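Colleague: After the structure tokens below, expect a handful of questions from me.
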Amino acid sequence: MDLIIVESPAKARTIKNFLGKGYDVIASKGHIRDLPKSRFGITIDETTHKLIPTYSVAKENAPTVKEIKEKAKKADTIYIATDEDREGEAIGWHIAHAIKKDPATLPRIVFHEITKTAIKHALESARHIDMDMVNAQQARRLLDRVVGYKLSPLLSSKIQKGLSGGRVQSSTLKLVVDREREINAFVPQEYWSIDTAFKKDIEANLISHNGKKISKLSIENETSAKEITQSVKDDSFKISKIETKQRKSSTPPPFMTSTLQQTASSKLGFTPKKTMMIAQTLYEGVKTPDGTSGVITYMRTDSLNLASEAVSGIRDVISKKFGDKYLPAKPKYYTKKAKGAQEAHEAIRPTMLHFTPEVAQSFLKADEIKLYRLIYERFMASQMEDARFEQQSITFEGSNSIFRATGRKLMFDGFYAVTGTDDKDKLLPQLKEGDDAFVQSVKPTQHFTEPPARYSEASLIKKLESEGVGRPSTYAPTIATLSNRTYVTIEKKQIIPTKIAFSVIEILEKHFANIVDINFTANMEEKLDEIAEHKVDWQELLVDFYDDFMKQIEDGKKNIVSLKLAKPLGRACPKCGEELLLRSGRYGNFVACSGFPKCKYTEQIDEDGNKVEKKEEISDEKCEKCGKEMIVKTGRNGQFLACSGYPDCKNTKSIQVEEKVSQTPCPDCGGKLSLKNSRRGPFWGCENYPKCKFISKFEPTTIKCKEDGCDGVLAQRTYRNKEVFECVKCKKRTPVEEIKG
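In numbering that gives the first Met the number 0, the protein residues as written are 0 to 740.
What follows is the structure, given as structure tokens:
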């Protein structure tokens with residue numbers, strides 16, 4: 000029997016179903032061998048100055064390694080089948096070492112999609128592990144470890160405990176901080192427009208006045224605006240020119256990682272992390288009419304390449320569904336790649352064209368079908384005819400002013416037949432050159448320029464991609480890290496840097512300019528690409544970076560002035576009598592005891608430095624140990640009761656949620672729903688947990704959600720002081736009167 004080693008259990012199950020009895024398939028569950036978690040894990044060779052990594056198998060991975068070893072002993076052939084990017088190549092290399100096998104002797108198989116045909120083809124065309132790709136990943140891993148392990152303690156010692164720095168993380172944070180600086184420094188500029196309409200209802204823009212070209216900001220004040228307005232009123236106009244031009248809207252390319260994350264964010268409201276989790280599920284295997292199979296190609300890619308068989312197949316689908324007029328004479332191939340694109344992957348596309356979104360509706364979950372439909376329709380659109388428009392323009396010319404009106408008419412919808420469009424026709428009436436034109440209305444309007452918009456997750460990914468920073472696998476984790484470290488908050492899709500982010504970036508700009516320089520980070524990515532292409536030695540890259548970086552670290556230790564705040568307040572701690580200090584923390588200033596860590600007394604203060612009194616909610620219960628009142632506290636598992644006599648009495652007890660059973664059965668399995676408690680507060684859960692994992696914050700009804708692709712039910716709740724029905728799955732809200740009506 001042959002053994003195939005993959006990364007994820009879901010992928011293992013899917014491949015096992017395809018291959019049957021002659022093969023055993025096991026998952027490594029990601030990295031099983033890596034740099035140690037608790038120490039630096041890199042030594043410097045005294046002779047060569049090379050950076051030597053010390054890899055180890057973490058305790059939690061030991062059982063997996065043991066199982067793989069045992070299966071490998073019995074196997075005739077051991078295939079490494081990890082993902083085909085650098086990360087996957089390195090994981091395969093580490094697996095070989097972990098099970099005491101020579102990586103050069105194990106056959107390596109790769110595939111863009113997890114289908115029966117693709118897996119069999121991969122087995123027939125096995126290769127060996129590519130050490131250039133492995134070394135590129137090792138170089139990235141060691142670079143990130145050096146920056147993280149050496150820079151983070153320095154930031155913690157100089158600014159605040161718990162801070163971190165990273166090679167890609169810090170340059171990305173600088174982008175966010177720089178944008179916020181632009182917004183803070185922005186001074187609105189006044190400008191005016193002359194809103195004009197010619198009979199009948201033809202809106203036109205002023206393009207010239209007294210021989211001068213008029214741009215958006217040309218009219219700077221009210222005086223000029225009123226003068227022009229009066230001039231227009233006193234003028235007489237003729238239609239001097241009518242133009243009609245043919246324009247087209249080109250088909251979009253198929254998705255790669257960054258564009259999928261951006262489109263899913265703007266159209267579906269998915270975070271990049273959520274998009275990648277759903278895409279991974281679609282790639283690794285879901286239920287289909289033909290059994291479990293991967294239904295999209297590999298989702299971490301920066302390539303727009305398409306397999307000719309897939310293109311041929313989708314052209315047949317387009318021809319049958321829409322007719323030959325929607326089909327270009329030749330297939331469309333997209334060769335433009337992201338800056339620094341690496342492995343020769345395919346773009347993200349469906350693997351089974353007969354598994355249409357309509358068919359998939361019966362097999363996929365609500366969010367899965369939304370993302371799958373997006374991918375399927377984008378692939379189809381990429382192989383259709385362009386949309387064609389007729390663009391019209393009418394020029395109105397007077398003695399002093401020239402206006403232009405524009406219109407557009409969709410002549411052929413092309414790929415819009417699949418994707419739809421928000422563009423509406425704006426038709427102009429039939430007029431003749433030389434005819435008189437009459438002003439219907441003219442009005443000056445004041446405007447002010449607006450500051451640049453904050454980055455959203457989608458626009459930040461687009462910026463990183465355009466700058467060549469990071470790779471498909473790093474976009475979502477980088478943003479998640481900034482959020483987890485509280486360097487940024489994400490509110491209404493806007494990424495907002497916190498106060499501490501400014502402090503960190505200011506220090507890095509002064510003492511580690513290269514680390515926050517987006518061009519330096521992008522150039523490093525290019526060098527990693529060159530390692531994978533056998534053009535650069537990975538150890539030379541590491542040595543050059545390490546020597547210069549460690550000089551910066553030593554200089555930083557000496558020259559960075561500590562920003563840590565420890566100002567005596569002249570007040571005694573009410574708990575231990577030691578002096579209270581004003582300190583700075585991740586969320587602003589606070590008061591703490593100088594006797595820390597023995598005394599952990601703290602006070603919250605507002606922006607003016609005044610103490611914020613904590614309002615404690617007193618319960619109706621008395622402490623059964625000392626008789627004092629029990630107060631409501633909030634901990635990691637939600638609210639609980641604690642004795643007000645703390646620390647003398649440390650009695651606590653959980654808050655019992657009122658026992659309630661819903662009259663509505665579980666919409667997933669028909670079981671009983673009851674009110675339960677959790678760290679996030681009360682919720683409705685099914686009696687059949689863990690078999691049935693239905694949960695809802697609000698008591699569900701039997702009313703079905705009417706949103707396309709959603710099989711959820713509605714729950715009635717109050718939202719912004721209004722009664723609404725909210726779907727327990729897709730969260731769409733509908734006013735109560737619309738449902739009851």
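No residue lacks a Cβ here, since even glycine has one placed at the ideal position from N, Cα and C. Please read all numbers here as calculations on a predicted model, not as lab measurements.
1. Are the Cβ atoms of Met-255 and Ala-278 separated by less than 8 Å?
2. Report all residues from its chain with a CB closer than 6 Å to the CB of Glu-342; omit the five preceding and five following residues, and keep chain order.
3. Tell me the DSSP secondary structure of Ile-193 in three-state form.
4. What are the partner residues of Trp-683, as DSSP defines its beta bridges?
5. Span of the alpha helix (DSSP H) holding Arg-166?
6. Check whether the segment 698 to 717 and the segment 731 to 738 are in contact - that is, three or more C-beta pairs closer than 8 Å.
7. Could you pull the start and end residues of the beta strand (DSSP E) that Ala-386 belongs to?
8. Roughly how many angstroms separate the alpha carbons of Phe-697 and Cys-685, rounded to a whole number?
9. Would you mind stating whether Val-358 and Met-383 have Cβ atoms separated by less than 8 Å?
10. Using 10 angstroms around the beta-carbon of Lys-369, count the other beta-carbons present and answer buried if the total reaches 16, otherwise exposed.
11. Identify, in the order they occur along the chain, each residue of the same chain with its Cβ nearer than 6 Å to the Cβ of Ala-95, setting aside the five sequence neighbours on each side.
12. Is Asn-134 buried or exposed, if buried means 16 or more other CB atoms sit within 10 Å of its CB?
13. To the nearest angstrom, how far is the alpha carbon of Pro-271 from that of Lys-728?
14. Quick check: the segment 204 to 211 against the segment 400 to 417, are there 3 or more CB pairs under 8 Å?
15. Verify whether the separation of the beta carbon atoms of Ala-521 and Gly-467 is less than 8 Å.
16. Where do the N-terminal and C-terminal ends of the beta strand (DSSP E) with His-93 fall, by residue?
17. Mapping DSSP to helix, strand and coil, what is Asp-200?
18. Taking 8 Å as the cut-off, decide whether the C-beta atoms of Ile-31 and His-93 are in contact.
19. Beta carbon of Lys-649, beta carbon of Leu-640: below 8 Å?
20. Quick one: complete alpha helix (DSSP H) runs, 4+ long, within the segment 523 to 590?
21. Kindly give me the distance between the Cβ atoms of Thr-355 and Tyr-375, rounded to whole angstroms, as I take these residues to be in contact under 8 Å.
22. Using DSSP with H/G/I as helix, E/B as strand and the rest coil, what is Gln-261?
23. Give the DSSP-derived three-state secondary structure of His-510 in the structure shown.
24. Closest to Glu-620 by C-alpha separation, out of Cys-642, Gln-603, Thr-258 and Asp-129, would be which residue?
25. Looking at the ligand GDP, does it come within less than 7 Å of Glu-628, judged from the CB to the closest heavy atom?
26. Where does Glu-342 fall in DSSP's three states?
27. Starting from Val-744 and walking both ways along the beta strand (DSSP E), at which residues does that stretch end?
28. Could you have a look at Gly-406 and say whether DSSP puts it in helix, strand or coil?
29. Counting only the same chain and skipping the five closest in sequence on each side, list residues whose C-beta sits under 6 Å from that of Gly-644.
30. Tell me whether Arg-732 sits in a helix, a strand or coil according to DSSP, three-state version.
31. So, do the segment 577 to 591 and the segment 552 to 560 have three or more beta carbon pairs nearer to each other than 8 Å?
32. For Lys-550, does the count of other Cβ atoms within 10 angstroms reach 16, so buried, or fall short, so exposed?
33. In terms of alpha-carbon separation, which member of Lys-690, Gly-594, Thr-114 and Leu-216 lies closest to Pro-567?
34. Note the first and the last residue of the continuous alpha helix (DSSP H) segment covering Glu-66.
35. Whose CA, out of Thr-300, Asp-177 and Ile-238, lies closest to the CA of Phe-501?
36. Taking the alpha-carbon positions, what's the Lys-690 to Asp-547 distance?
Modeller: If we stick to the structure as given:
1. Locating residue 255 in the sequence shown gives position 256, counting from the first residue. Locating residue 278 in the sequence shown gives position 279, counting from the first residue. No, these two residues do not count as a Cβ contact at 8 Å.
2. Walking along the sequence shown from the start, residue 342 turns up at place 343. Low confidence applies to Glu-342: its pLDDT is 45, below 50, so where it sits in the model is not reliable, and the reading given next is rough at best. Once the five neighbours on either side are set aside, the close Cβ partners of Glu-342 are Asp-84.
3. Indexing the sequence shown from 1 puts residue 193 at position 194. Here Ile-193 sits in strand by DSSP.
4. On the sequence shown, position 684 is the one that residue 683 refers to. Bridge partners of Trp-683: Leu-674 and Ser-695.
5. As a first step, residue 166 is located in the sequence shown; it is residue number 167 there, counting from the start. Note, Arg-166: alpha helix (DSSP H), 166 to 184.
6. yes
7. Translated into positions along the sequence shown, residue 386 becomes position 387. First-last of the beta strand (DSSP E) with Ala-386: 386 to 396.
8. For the purposes of this step, residue 697 is taken as the residue at position 698 of the sequence shown. For the purposes of this step, residue 685 is taken as the residue at position 686 of the sequence shown. Spanning the two alpha carbons is a distance of roughly 13 Å.
9. Taking the sequence shown and counting its residues from 1, one reaches residue 358 at position 359. Taking the sequence shown and counting its residues from 1, one reaches residue 383 at position 384. Result no, Cβ atoms of Val-358 and Met-383 do not sit closer than 8 Å.
10. Translated into positions along the sequence shown, residue 369 becomes position 370. When all chains shown are included, Lys-369 counts as buried.
11. Position 96 of the sequence shown, counted from the first residue, corresponds to residue 95. If we look at Ala-95 and ignore the five residues flanking it on each side, its Cβ neighbours are Pro-102 and Leu-105.
12. As a working note, residue 134 is residue 135 in the sequence shown. With 16 or more Cβ atoms within 10 Å of its Cβ, Asn-134 is classed as buried.
13. On the sequence shown, residue 271 is found 272 positions in, with the first residue counted as 1. On the sequence shown, residue 728 is found 729 positions in, with the first residue counted as 1. For Pro-271 and Lys-728, the distance between alpha carbons rounds to 19 Å.
14. yes
15. Counting from 1 along the sequence shown, the entry for residue 521 is found at position 522. Counting from 1 along the sequence shown, the entry for residue 467 is found at position 468. In contact: Ala-521 and Gly-467 (Cβ atoms closer than 8 Å).
16. What you label residue 93 is simply residue 94 of the sequence shown in a count that begins at 1. Element bounds for His-93: not the beta strand (DSSP E) but the alpha helix (DSSP H), 85 to 97.
17. Here residue 200 refers to the residue found at position 201 of the sequence shown. Coil, per DSSP.
18. As a working note, residue 31 is residue 32 in the sequence shown. As a working note, residue 93 is residue 94 in the sequence shown. Cβ distance < 8 Å, so Ile-31 and His-93 count as in contact.
19. The residue you call residue 649 lines up with position 650 of the sequence shown. The residue you call residue 640 lines up with position 641 of the sequence shown. No, these two residues do not count as a Cβ contact at 8 Å.
20. 537 to 558
21. The residue labelled residue 355 in the question sits at position 356 within the sequence shown. The residue labelled residue 375 in the question sits at position 376 within the sequence shown. Right, the Cβ-Cβ distance comes to about 7 Å (below 8 Å), so this counts as a contact.
22. Your numbering for residue 261 matches position 262 in the sequence shown. Helix at Gln-261.
23. Locating residue 510 in the sequence shown gives position 511, where the first residue counts as 1. Note: His-510 maps to helix in three-state DSSP.
24. Locating residue 620 in the sequence shown gives position 621, counting from the first residue. Checking every option, the nearest Cα to that of Glu-620 belongs to Cys-642.
25. Judged by which ligands are present, the structure shown has none, so any question about the ligand GDP falls away.
26. In the sequence shown, counting from the first residue as 1, residue 342 sits at position 343. Any reading at Glu-342 needs caution, since the residue's pLDDT is 45, under 50, leaving its predicted position unreliable; the model's value is listed next. DSSP places Glu-342 in coil when its eight states are reduced to three.
27. The displayed coordinates of the chain run from 0 to 740. Any statement about residue 744 would go beyond what the structure contains.
28. Along the sequence shown, read from residue 1 onward, the residue named residue 406 stands at position 407. Reduced to three states, the DSSP call for Gly-406 is strand.
29. Here residue 644 is taken as the residue at index 645 of the sequence shown, counted from 1. Excluding sequence neighbours, Gly-644 sits near Cys-625 and Lys-627.
30. Working through the sequence shown from its first residue, we reach residue 732 at position 733. Of the three classes helix, strand and coil, the one that applies to Arg-732 here is strand, per DSSP.
31. no
32. Numbered from its first residue, the sequence shown carries residue 550 at position 551. The residue is exposed, with fewer than 16 neighbouring Cβ atoms inside 10 Å.
33. Residue numbering aside, residue 567 sits at position 568 when the sequence shown is read from its first letter. Closest option to Pro-567, Cα to Cα, is Gly-594.
34. Counting from one through the sequence shown, the residue named residue 66 turns up at place 67. 61 to 73 is the extent of the alpha helix (DSSP H) around Glu-66.
35. The residue given as residue 501 occupies position 502 in the sequence shown. If we check each option's Cα against that of Phe-501, Asp-177 comes out closest.
36. Here residue 690 refers to the residue found at position 691 of the sequence shown. Here residue 547 refers to the residue found at position 548 of the sequence shown. Approximately 56 Å, taken between the alpha carbons.
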